[in-house]
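K.L.:
Just dropping this structure here.
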Amino acid sequence: MNKIYKIFSSLVVSVLMLVACTPDDYSLGKVDVSPGDLVEGIAYTITHDSSNPNIVYLRSLMDSQYTPIWHHPQGNSQDQEVELKVAFEGTYPVQFGVETRGGIVYGDTVYFQIDDFYADFVSGEMWVNLAGGVGESKTWVPDNGSYGMKQGFYSCFDPTTTWEDMVADVEYDWYAQDKTWWQPSDSDIGNTEDDLLSYMTFSLDGKAGLTVYRYNNGEYIETEGTFNMNEENHTISAVGVDFLHGEWATGNAVDFRNGFQILVLTENQLMIGNYRDEALSGEGACLYCWNFVSKDWADNYVPDDTAEPEPPYDGDANDDLTTSQSTTKNWIINLDAPYNWTDLYGNFLNEWTVGANGIPEFVTWQPPYDEALLSTISITLSKGGSNDGTYEVTGSDGREYSGNYTIDDKNWIDFGQDIDIISGMDWINFSTQDGKLRIISVERTLSGAVSVMHLGRINEDNPNEYMTIALTQGSSSGGGSDNGALNGTVIAFDNSKLVYGDLEGNGTLRLEMYNIYGSGTANDPGFNLSDFQYDYTIQVTFTLSGVSFNNGAAGSYTGALSFASGDWNAQYWGGGAGDTVVTGDGTYTVWCQPGTGVGIAVFCIDISGMAGDINLSAVSATIDKIEIK
1 MNKIYKIFSS
11 LVVSVLMLVA
21 CTPDDYSLGK
31 VDVSPGDLVE
41 GIAYTITHDS
51 SNPNIVYLRS
61 LMDSQYTPIW
71 HHPQGNSQDQ
81 EVELKVAFEG
91 TYPVQFGVET
101 RGGIVYGDTV
111 YFQIDDFYAD
121 FVSGEMWVNL
131 AGGVGESKTW
141 VPDNGSYGMK
151 QGFYSCFDPT
161 TTWEDMVADV
171 EYDWYAQDKT
181 WWQPSDSDIG
191 NTEDDLLSYM
201 TFSLDGKAGL
211 TVYRYNNGEY
221 IETEGTFNMN
231 EENHTISAVG
241 VDFLHGEWAT
251 GNAVDFRNGF
261 QILVLTENQL
271 MIGNYRDEAL
281 SGEGACLYCW
291 NFVSKDWADN
301 YVPDDTAEPE
311 PPYDGDANDD
321 LTTSQSTTKN
331 WIINLDAPYN
341 WTDLYGNFLN
351 EWTVGANGIP
361 EFVTWQPPYD
371 EALLSTISIT
381 LSKGGSNDGT
391 YEVTGSDGRE
401 YSGNYTIDDK
411 NWIDFGQDID
421 IISGMDWINF
431 STQDGKLRII
441 SVERTLSGAV
451 SVMHLGRINE
461 DNPNEYMTIA
471 LTQGSSSGGG
481 SDNGALNGTV
491 IAFDNSKLVY
501 GDLEGNGTLR
511 LEMYNIYGSG
521 TANDPGFNLS
531 DFQYDYTIQV
541 TFTLSGVSFN
551 NGAAGSYTGA
561 LSFASGDWNA
571 QYWGGGAGDT
581 VVTGDGTYTV
591 WCQPGTGVGI
601 AVFCIDISGM
611 AGDINLSAVS
621 ATIDKIEIK
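The working numbering puts the last residue of the sequence shown at 629; the count rises by one with no breaks.
This is the structure:
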């Protein structure tokens, strides 16, 4: 039989009934509620579920203008109604209070009784992972970075971070990286050796018990309490004891017993977080995350020194370096983000942005940036066999290197000699490591072509990092020339289907190869659209003949590709290095690097202002070569 122990007197009942008849007396403008008024059965009720007496309901009977304050076996609450699921038999305390303008007033503590154990409430996977199962216990120690898990006891998370955010990051790649604000070392944040030697034990032997063993000046101080976990909401609370945390954080957080979010809970890993301050959002808010591993895992962990961390690159190295369609590719420094550092798994440690002066800089600091020096670097690779070839390298100091290279199964490129790639800058140098560089990662277009290649070497100052440079496809010459030996895919073109003239009526001589809005090319272009799978560069060589200028003609005009992909994500309308100057009859080359897109919407050559300055009827035009890469 369930027993409710009630503490009240008939006098209090009479007073409370009188007050209940005069609701105006409950005005928040004054304190008219005394502890003797807050009696179980009159001011609030404690009832057991009729079907399952291990479910207990707490319900406030006070006027809604009073905010209830509950202290119960599973934490604190301000809800009008609270549902408790209590697994273990025993006598449990409840204290009820209300918030008034004069402060919080509490009634006496009362007790409810649970007669029987109900295992279902503590038998789920999360309970087993946390405490080992019914009748068992499990000890958790701070993750000090030595157990192959989170890499530290503390981390700072976006306050909106949830269990679902972490689960969505299937491989726990630095644990929802977009939500992690700060991952300091223990020494940086202030966690001490005493913090890291402390531990806590969860038990389901007779009760949901939590015992914290805090190490202090050579001895352990033991504090015992209870805990409750909500599997549905992924929250956990404690009664009578604080969850283990770094001592430096004491006084900086809302509470170290209630409001904890469970972010990760597996057999061997526990991450729980509480809020740094009462503001759950806005500037200054933070979710303190405390990271643990099971003591059994820590005691038996043996680092796998034979398993070398692997960067993410997994492509065909020689094809990506030289392209599978041709045998030579020229690389230059990506000036938007020329260098960086990564961990041994290829995760970038710095984020680039554009500074107030328009110059790229790291988000957290602005390094010296010498665009002129970086622009002199050139790396050209020519394929030989499946994993070798020849190279020509020009470093930032103007020194030239050449020779043969090979690539091993770990994607290390062996140049056979040491090469200084970046030198002459006060704070940074980049050279090969014993004559080698490793492909760390690549960025690809939608069609799969490499747009940026990241090559790295072990950082001389930190063996746990790579220093990397970022390369993008280069060219051997600028606007108006042929963009060097592009050595890409040549697209056959039928000149009988070329449409040219003042097609837009704006004085621009347009050579239209394809236009979804064109009168002829939209339905019958001079090339096979399915062949046009551009990756990075589009280059067109064309010839004009029969050009005669009218009196007063400028005689010099800018020619450029006009291009848009079928989805309009990739566009180019002139103004870049691939434009040329047209001065009359002759053969010209234009090129562009429009970015990533799918299909074609517009593919023309526009020579601005030329149509009105010449006799169009006498002009002939041909497309000599379309090359893409």
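All residues carry an ideal CB built from backbone N, CA and C; glycine is no exception. Quick caveat: nothing in here was measured; it's all calculated off a predicted structure.
Please name the residue in Gly259, Val602, Phe549, Gly507 whose C-alpha comes closest to that of Ala570.
P.N.:
Of the listed residues, the one whose Cα sits closest to Ala570 is Val602.
K.L.:
Below 8 Å between beta carbons: does that hold for Arg633 and Cys604?
P.N.:
Beyond the ends of the chain as shown, which are 1 and 629, falls residue 633; an answer cannot be given.
K.L.:
Going by beta-carbon coordinates alone, are Met126 and Glu40 separated by less than 8 Å?
P.N.:
Their beta carbons are not under 8 Å apart, which means Met126 does not touch Glu40 by this criterion.
K.L.:
For my contact list, Tyr345 and Gly148 are in at a C-beta cut-off of 8 Å; report their separation, rounded to the angstrom.
P.N.:
Not quite, the Cβ-Cβ distance comes to about 12 Å (not below 8 Å), so this is no contact.
K.L.:
Quick check on Ile221: buried or exposed, where buried means 16 or more other Cβ atoms within 10 Å of its Cβ?
P.N.:
When all chains shown are included, Ile221 counts as exposed.
K.L.:
Flag this pair as yes or no: are the beta carbons of Pro73 and Val241 separated by less than 8 Å?
P.N.:
Taking 8 Å as the Cβ cut-off, Pro73 and Val241 do not qualify as a contacting pair.
K.L.:
Using a Cβ-Cβ cutoff of less than 6 Å, which residues in the same chain neighbour Gly609 once the five nearest sequence positions on both sides are dropped?
P.N.:
Excluding positions up to five away in sequence, the list reads Gly507, Tyr557.
K.L.:
Are Gly152 and Asp143 closer than 8 Å when you measure CB to CB?
P.N.:
In this structure, Asp143 lies closer than 8 Å to Gly152 by Cβ.
K.L.:
Quick check on the DSSP output: the beta strand (DSSP E) that includes Asp37 runs from which residue to which?
P.N.:
That residue, Asp37, is in no beta strand (DSSP E); it is neither H nor E in DSSP.
K.L.:
Could you tell me whether any non-hydrogen atom of the ligand MG is closer than 7 Å to the CB of Asp115?
P.N.:
No copy of the ligand MG appears in this structure; indeed no ligand is present at all.
K.L.:
Leaving out five residues on either side along the sequence, give the residues of the same chain with a beta carbon under 7 Å from the beta carbon of Asp633.
P.N.:
Absent from the model: residue 633. The displayed extent of the chain is 1 to 629, so no value can be given.
K.L.:
Quick one: grab the DSSP three-state call for Asn462.
P.N.:
Residue state, collapsed to three classes: strand.
K.L.:
Would DSSP call Phe603 helix, strand or coil?
P.N.:
Looking at Phe603 - three-state DSSP - the assignment turns out to be strand.
K.L.:
Go through its chain and collect everything with a Cβ distance to Thr67's Cβ below 7 Å, but skip five positions before and after it.
P.N.:
Hits under 7 Å: Gln78, Val98, Glu99.
K.L.:
Considering only their Cβ atoms, is the gap separating Thr580 from Gly555 smaller than 8 Å?
P.N.:
Result no, Cβ atoms of Gly555 and Thr580 do not sit closer than 8 Å.
K.L.:
Can you say whether Ile104 is buried or exposed, counting buried as having 16 or more other CB atoms within 10 angstroms of its CB?
P.N.:
Per the 10 Å Cβ criterion, exposed.
K.L.:
Given this structure, state the Cα-to-Cα distance separating Gly259 from His245, to the nearest angstrom.
P.N.:
So the alpha carbons of these two residues sit roughly 14 Å apart.
K.L.:
Return the residue from the list Lys138, Val86, Ser123, Lys295 that minimises the CA-CA distance to Ile114.
P.N.:
Ranking the options by Cα distance to Ile114, first place goes to Val86.
K.L.:
Straight-line CA distance for Lys629 to Leu503?
P.N.:
Cα-Cα distance, rounded: 29 Å.
K.L.:
Of the choices Pro338, Thr364, Asp388, whose alpha-carbon is the least far from that of Ser375?
P.N.:
The option with the nearest alpha carbon to Ser375 is Pro338.
K.L.:
Go ahead and pull the three-state DSSP assignment for Ile407.
P.N.:
Three-state result, Ile407: strand.
K.L.:
Which residues in the same chain have their Cβ closer than 6 Å to the Cβ of Asp49, if we skip the five residues on either side of it in sequence?
P.N.:
Same-chain partners within the cutoff: Ile55.
K.L.:
Among Tyr106, Thr162, Leu265, which residue has its Cα nearest to the Cα of Trp140?
P.N.:
The shortest Cα separation from Trp140 among Tyr106, Thr162, Leu265 belongs to Leu265.
K.L.:
Among residues of its own chain, excluding the 5 on either side of Ala621, which ones have a beta-carbon nearer than 6 Å to its beta-carbon?
P.N.:
Excluding sequence neighbours, Ala621 sits near Tyr500, Leu511, Leu544.
K.L.:
Can you give me the Cβ contacts of Asn429 inside the same chain, cut-off strictly under 8 Å, excluding the 5 residues immediately before and after it?
P.N.:
Asp420, Ile422, Ser423, listed in sequence order.
K.L.:
Could you tell me the distance, in whole angstroms, from the CA atom of Leu381 to the CA atom of Glu310?
P.N.:
C-alpha separation (whole angstroms): 24 Å.
K.L.:
Are Gly206 and Phe88 touching if we call contact CB-CB under 8 Å?
P.N.:
Yes, the pair counts as a contact, with Cβ atoms nearer than the cut-off.
K.L.:
For the alpha helix (DSSP H) containing Leu437, list its first residue and its last residue.
P.N.:
Note, Leu437: premise wrong, no alpha helix (DSSP H); beta strand (DSSP E) at 436-444.
K.L.:
At the level of alpha carbons, what is the spacing between Gly478 and Gly518?
P.N.:
Its pLDDT being 29, under 50, Gly478 is placed unreliably by the model, and the measurement read from it follows with that caveat. Taking the straight line from one Cα to the other gives about 30 Å.
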